[in-house]
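Q: Going letter by letter, the sequence shown gives residues 1 to 120 in my numbering. Beta carbons: idealized from backbone N, C-alpha and C, even for Gly. On a predicted model such as this, the values are computed, not experimentally measured, just so you know.
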Amino acid sequence: MWSLASKAHVIAVTGVYFSVLGGAFCSLGKANSRYALKASALAIQQIRLAQRLKDPILECKCWLYFAEDLIQLGNIRKANKVIKSQARFIESIQDPILTSMFVSVLGKRDTAANTITFRQ
């Protein structure tokens, strides 16, 4: 019993750790791509944790975080693949929080795509 409770606590703390650090690096990534790279690595760790927990909603959120990091890095094409794959899941479950996150990522992608086009 103690082992199960201990494992659950470690997983919860790890999830919070990845989330806080990922958000901080993502924010810093707006000014420096090194931080965006670190944020994307943390998002991948979050995805793995969500898969281990068998939590598809958490996993979808993490994929959206990863897409945001790709957008910051200017990798719009790869971000579009992630966005497209998550769109099917989001449409199927009709979760308002995921839908809101999805719309936000789409807005960031569109803004980044327009900025890149405008610069050229």
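1) Anyone know if the C-beta pair for residue 59 and residue 105 falls short of 8 Å?
2) With a threshold of 7 Å on Cβ separation, who are the neighbours of residue 120 within its own chain once the five nearest residues in sequence on each side are excluded?
3) DSSP three-state call for residue 120: helix, strand or coil?
4) Alpha helix (DSSP H) containing residue 69: first to last residue?
5) In the DSSP assignment, find the unbroken alpha helix (DSSP H) run with residue 51 in it and report its ends.
6) Going by other Cβ atoms of all chains shown within 10 Å of its Cβ, with 16 needed for buried, is residue 94 buried or exposed?
7) Tell me which residues share the same chain as residue 44 and place their Cβ nearer than 7 Å to its Cβ, disregarding the 5 neighbours each side in the sequence.
8) Which of the three DSSP states is assigned to residue 94 in this structure?
9) Looking at C-alpha atoms only, which residue of 41, 63, 103 is the closest neighbour of residue 51?
10) Can you say whether residue 61 is buried or exposed, counting buried as having 16 or more other CB atoms within 10 angstroms of its CB?
11) Just mark residue 38 as buried or exposed, buried being the case when its beta carbon has 16 or more other beta carbons within 10 Å.
12) Within this structure, are the beta carbons of residue 109 and residue 83 separated by less than 8 Å?
A: Well, looking at it:
1) no
2) Because the pLDDT at residue 120 is just 45, under 50, the model does not fix this residue reliably, and the point stays unresolved.
3) Low per-residue confidence applies at residue 120: pLDDT is 45, beneath 50, and the placement is therefore not dependable, though the value from the model is reported in the following sentence. Residue 120 falls in the coil class under three-state DSSP.
4) 56 to 72
5) 33 to 53
6) exposed
7) 66
8) In the structure shown, residue 94 sits in coil (DSSP, three-state: anything other than H, G, I, E or B).
9) 63
10) Buried: at least 16 other Cβ atoms inside 10 Å.
11) buried
12) Contact flag set, yes.
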